[in-house]
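Visitor:
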Amino acid sequence: MPMLIDALIAALILAGAFFLLVGALGLAKLPDMMRRLHGPTKATTLGIGALLIASMIYFSVARGTFSIHELLITLFLFLTAPVSAHMLAKAHILRATQEREQLPPTGQPSGWATLDDRRSDGM
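So that you can map any letter, position 64 of the sequence shown is 64 in the UniProt record's numbering, and since no number is skipped, the others follow by simple counting.
1. Thinking C-alpha only, which one of Ile9, Pro2 and Ala24 is nearest Tyr58?
2. Might you give, ordered along the chain, the residues of its own chain that have their beta carbon closer than 7 Å to the beta carbon of Ser67, omitting 5 neighbours on each side?
3. With a threshold of 16 other CB atoms inside 10 Å of the CB of Gly64, please say whether the residue is buried or exposed.
4. Is DSSP giving Ile68 helix, strand or coil here?
5. Roughly how many angstroms lie between the CA atoms of Pro2 and Ala54, to the nearest whole one?
6. Please report the distance separating the alpha-carbon of Pro31 from that of Pro40.
7. Starting from Gly47 and walking both ways along the alpha helix (DSSP H), at which residues does that stretch end?
8. What did DSSP end up calling residue 125 once you bin it into helix, strand or coil?
9. By DSSP, does Pro2 sit in helix, in strand, or in coil?
10. Where does Leu37 fall in DSSP's three states?
11. Note down, in chain order, each residue of its chain lying with its Cβ closer than 8 Å to the Cβ of Leu12, except the 5 sequence neighbours on either side.
12. Once you ignore the five residues that flank Thr45 on each side, which residues in its own chain have a CB closer than 7 Å to its CB?
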């Protein structure tokens, strides 16, 4: 196997492992659900994508034939991770909205960056 291909595969494996570690730490250490959502959807998706591309390159060079399995897994992962993260975020926002509606209004004015969408003056 050529030295350049070995270096490319090693770089992809190291980058993938780094992003997987960052994503796992983000999932474990971030304080709330909305922040935890970024770890698996951003960093971990990029990390597993790099590992799958490294695998695809290695086996295509070692066997001499192109394997489509890794490519399909990568494509499926890149399509489903953002969609599932969006659905989780929407469910969390809707649940938080329902919980906020049960609380009395704070009396603070609503703004573009606030979550209190009820006004104390009855509007």
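Heads up, the beta-carbon is just placed ideally off N, CA and C, and yes, glycines get one too.
Guide: Checking against the coordinates, here is how it stands:
1. Start at 1 with the first residue of the sequence shown, and residue 58 comes out as number 58. Of the listed residues, the one whose Cα sits closest to Tyr58 is Ile9.
2. The sequence position of residue 67 within the sequence shown is 67, counting from 1. Hits under 7 Å: Met56, Phe59 and Ser60.
3. Walking along the sequence shown from the start, residue 64 turns up at place 64. Burial call: exposed.
4. One-based indexing of the sequence shown puts residue 68 at position 68. Of the three classes helix, strand and coil, the one that applies to Ile68 here is coil, per DSSP.
5. Numbered from its first residue, the sequence shown carries residue 2 at position 2. Numbered from its first residue, the sequence shown carries residue 54 at position 54. One C-alpha to the other measures close to 15 Å.
6. Reading the sequence shown from its first residue, position 31 is the one you call residue 31. Reading the sequence shown from its first residue, position 40 is the one you call residue 40. For the pair Pro31 and Pro40, the Cα-to-Cα distance works out to about 14 Å.
7. The count along the sequence shown starts at 1 and reaches residue 47 at position 47. Thr45 to Arg63 is the extent of the alpha helix (DSSP H) around Gly47.
8. The question about residue 125 has no answer here: the residues shown for the chain are numbered 1 through 123.
9. If you number the sequence shown from 1, residue 2 lands on position 2. Coil.
10. As a working mapping, residue 37 is identified with position 37 in the sequence shown. Coil at Leu37, not helix or strand.
11. Here residue 12 is taken as the residue at index 12 of the sequence shown, counted from 1. Only Ala50, Leu51, Ile53, Ala54 and Ile57 meet the Cβ criterion.
12. As a first step, residue 45 must be located in the sequence shown, where it is residue number 45. The residues are Leu77, Phe78 and Ala81.
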